[in-house]
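Have a look at the structure below before the remarks.
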Amino acid sequence: MPKVLIVDDSSVMRKIIQKNIKAAKLVVDEFVEAADGKDALEKIKGGIPDLILCDWNMPNMTGIEFIKTLHSTGEYSNIPIVMITTEGSDSMRQEAADAGAKGYVTKPFTPDQLSAELGKFLMVS
Ligand SMILES: [Mg+2]
C-alpha cells in the first residue's frame, strides 16, 4: 500500500509531481503533502511513508536539513528519499547523497525522467 510524501513549498509543484506519477502508472495508494521540512516531520509522525520526494529550497527547514534531521533519529533512516530540485550542481548532488538521499531529479523534469527515477522505488501497474 505505497504511501508517498511530497515535500515542496510550491503547491503547484506538488500537484505536478502527483500528476506525473499517475500518468506514468506508478502505483501509489496515498499522497501526503508537506510544505517544508518541519511540516514533513510532523506528517511522518502521523504515518510513515514508503517514499519521500523532497524539494531542496524551502522556508523553515530546507530539504537537506530535513534529510539530516530525519536520519539523525535513526528511526526513519530506512525510508527512501528522492530529491526533486532546481539545484543540479555536482556538489549539491553529492551533499544529498552523503546525507542519505537515494535518488535525484532536477527541475524542470520530463515525465520520462521522473518516472525513470521513481520507478526504482514504485511499481508500475
Ligand atoms: Mg522550493
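Residue numbers for the sequence shown follow our numbering, so the first one is 166 and each next one is one higher.
Built from N, CA and C at the ideal position, the CB exists for glycine as well.
Only a predicted model underlies this, so the values are computations on that prediction, with no experimental measurement involved.
Next on the checklist: Excluding the 5 residues flanking D173 on each side, which residues of the same chain have their C-beta closer than 6 Å to its C-beta?
Outcome noted: R179, D220
Next on the checklist: Nearer than 7 Å: is that true of the beta carbon of M257 relative to any heavy atom of ligand 2?
Outcome noted: Only ligand 1 can be found as ligands here, which leaves ligand 2 out of the picture.
Checklist entry - What number of angstroms, rounded off, separates the C-alpha of T251 from the C-alpha of S242? => result 24 Å
Item to check | Same chain only: Cβ atoms within 6 Å of D215, ignoring 5 sequence neighbours per side | outcome: P167, K168
Next on the checklist: Rounding to the nearest angstrom, what Cα-Cα distance links I244 and S280 in this structure?
Outcome noted: Rounded to whole angstroms, I244 to S280 spans 19 Å at the Cα level.
Item to check | Whether T234 touches G202 by CB criterion (8 Å) | outcome: Against a cut-off of 8 Å, the Cβ pair of G202 and T234 comes out as a contact.
Item to check | Inter-residue CB distance, K267 and I246 (contact presumed, cutoff 8 Å) | outcome: 6 Å
Checklist entry - What is the DSSP secondary structure of M248, counted as helix, strand or coil? => result strand
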